[in-house]
Structure formats: C-alpha cells, structure tokens
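Before any comments, here is the structure.
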Amino acid sequence: MKSIAWVVYIITPVLMLIKFSAISVLLYIGVFFYDLHKQITLGKIFKVVIISELVFIVASITKLLWFIFFAGNYTLDDMSFFYPLSLINLFNRAEVATYWIYPLQTVNIFQVLYVLSLAMGLSRVSSFKKEVADRVVLFTYVPAIAVWIALFMFLSIDVQ
0 MKSIAWVVYI ITPVLMLIKF SAISVLLYIG VFFYDLHKQI TLGKIFKVVI ISELVFIVAS
60 ITKLLWFIFF AGNYTLDDMS FFYPLSLINL FNRAEVATYW IYPLQTVNIF QVLYVLSLAM
120 GLSRVSSFKK EVADRVVLFT YVPAIAVWIA LFMFLSIDVQ
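Residue numbers (numbering that gives the first Met the number 0): 0 to 159.
And the structure:
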C-alpha cells in the first residue's frame with residue numbers, strides 16, 4: 000500500500016486543477032452567453048474559482064475541529080458520513096440509502112457560500128453588476144452541480 004501512496008500525491012493536484020479548470024470554463028461559457036466575454040478573461044475567472052475554493056478548506060477545518068472537540072468515540076465511517084452544516088446531519092446513517100449520502104452532503108451552507116463567493120468574485124474582478132454576476136453563477140454553476148449530483152447518484156445506484 001505504501002508503494003502506491005505517492006500516486007495519491009500526484010493525482011490530487013491534477014484532479015484539483017481539472018476541477019478548477021472545468022468550473023472556470025463553465026463560468027466563462029455563461030459569461031459568453033451573456034455577451035460579457037470582453038469584460039473578463041478566463042484567467043481572472045480561474046483566480047476567482049481558486050479563491051472561492053477557500054470556502055471548502057474552511058469546511059474541512061470545521062469538520063476536523065468538530066471531531067477533535069465535540070465527537071467522542073467515532074469511527075472512520077462516522078467521519079466519512081459527517082459533513083458540517085449539511086442536510087446529511089438531519090438523518091441517521093441507517094435511515095439514508097447509499098445513493099442519497101453524496102447529495103445530502105453536497106447540499107450545505109458551504110456550498111451556498113461557494114456560490115455566493117463565485118458571484119462576488121466575478122463582480123469584483125470585472126465590470127459586471129452584482130446581479131449579472133449572480134445570474135451567471137446561478138445559471139451555470141448551480142445546474143452543473145445538480146447534474147453532477149444526479150450523475151453521481153446514478154452511478155451509486157448502478158454500483159449497488
């Protein structure tokens with residue numbers, strides 16, 4: 000197992016770069032459809048996406064602090080099931096079908112903050128009005144994450 004551990008260290012940054020790039024291109028497509036592509040570059044959108052990802056770092060730190068200070072005896076399953084400030088916390092693990100775990104973890108306060116930070120970042124690095132930046136994010140990122148969740152659910156059902 001140790002012999003392939005280095006692969007994780009290589010793959011993780013590559014996957015993060017792919018994620019940042021995909022979200023940036025998606026937002027740029029939205030900017031293009033709103034005919035605002037002359038006011039912002041893909042590079043600026045990429046910077047906004049990277050800075051907005053700090054929200055998920057805060058989520059990870061929150062999860063870590065929760066298990067350090069509040070959770071007594073916990074298992075690895077408890078850690079993988081728990082996501083701070085998400086809908087998954089409203090349910091007991093036994094009540095939730097496997098294919099609902101990821102969607103319920105994804106719908107959380109940090110995801111909302113991420114959407115808001117993307118919109119705020121777009122309006123700050125460009126000459127967009129806040130309402131226009133909100134619409135770009137709302138009509139590009141939000142449907143994309145919904146499709147991603149649906150795809151993940153479909154694959155989870157198929158694997159079972």
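Backbone N, C-alpha and C define an ideal beta-carbon position, used for all residues, glycine too.
Separation of Gln110 from Phe55, as counted between CA atoms:
Along the sequence shown, read from residue 1 onward, the residue named residue 55 stands at position 56. Along the sequence shown, read from residue 1 onward, the residue named residue 110 stands at position 111. Roughly 8 angstroms separates the two Cα atoms.
Output the distance between the C-alpha atoms of Ser51 and Ser2, rounded to the nearest integer angstrom.
Here residue 51 refers to the residue found at position 52 when the sequence shown is read from its first residue. Here residue 2 refers to the residue found at position 3 when the sequence shown is read from its first residue. Near 34 angstroms, if we compare the C-alpha coordinates of Ser2 and Ser51.
Can you tell me whether Ser126 is helix, strand or coil according to DSSP?
Translated into positions along the sequence shown, residue 126 becomes position 127. In this structure, Ser126 counts as coil in the three-state DSSP scheme.
Can you tell which of Val141, Met78, Asn91 has the C-alpha that lies nearest to the C-alpha of Val114?
One-based indexing of the sequence shown puts residue 114 at position 115. Looking at the Cα atoms, Val141 is the closest of the given residues.
Does DSSP put Asn72 in a helix, in a strand, or in coil?
The residue given as residue 72 occupies position 73 in the sequence shown. Coil, per DSSP.
On the DSSP bridge assignment, give the partners of Ser85 in chain order.
In the sequence shown, the residue the question calls residue 85 occupies position 86. Asn107, per the DSSP bridge assignment.
By the DSSP assignment, the alpha helix (DSSP H) with Thr11 in it spans what residues?
Within the sequence shown, the letter at position 12 stands for residue 11. Per DSSP, Thr11 belongs to the alpha helix (DSSP H) from 4-32.
Measure the beta-carbon distance from Ala132 to Ser116 and round it to whole angstroms, keeping in mind my assumption that it falls under 8 angstroms.
As a position in the sequence shown, residue 132 is number 133, starting the count at 1. As a position in the sequence shown, residue 116 is number 117, starting the count at 1. That belief does not hold up - the Cβ atoms of Ala132 and Ser116 are roughly 11 angstroms apart, past 8 angstroms.
Could you compute how far the alpha carbon of Leu86 sits from the alpha carbon of Phe66?
For the purposes of this step, residue 86 is taken as the residue at position 87 of the sequence shown. For the purposes of this step, residue 66 is taken as the residue at position 67 of the sequence shown. Cα-Cα distance, rounded: 18 angstroms.
With a threshold of 16 other CB atoms inside 10 Å of the CB of Val161, please say whether the residue is buried or exposed.
No answer is possible for residue 161: it lies beyond the span of the chain, which begins at 0 and ends at 159.
Sequence-distant residues of the same chain with beta carbon closer than 6 angstroms to Ser126, five excluded per side
Counted from its first residue, the sequence shown places residue 126 at position 127. Within the same chain, Ser126 has close Cβ partners Gln38.
Can the beta-carbon of Pro102 be found closer than 8 angstroms to that of Met152?
Numbered from 1 along the sequence shown, position 103 holds the residue referred to as residue 102. Numbered from 1 along the sequence shown, position 153 holds the residue referred to as residue 152. Cβ atoms of Pro102 and Met152: closer than 8 angstroms.
To the nearest angstrom, how far is it from the Cα of Phe45 to the Cα of Ser155?
Numbered from its first residue, the sequence shown carries residue 45 at position 46. Numbered from its first residue, the sequence shown carries residue 155 at position 156. When rounded, the distance between both Cα atoms is 30 angstroms.
Burial state of Ser79 (16 or more Cβ within 10 Å):
Within the sequence shown, numbered from 1, the residue matching residue 79 stands at position 80. The residue in question, Ser79, is exposed, as its Cβ has fewer than 16 Cβ neighbours within 10 Å.
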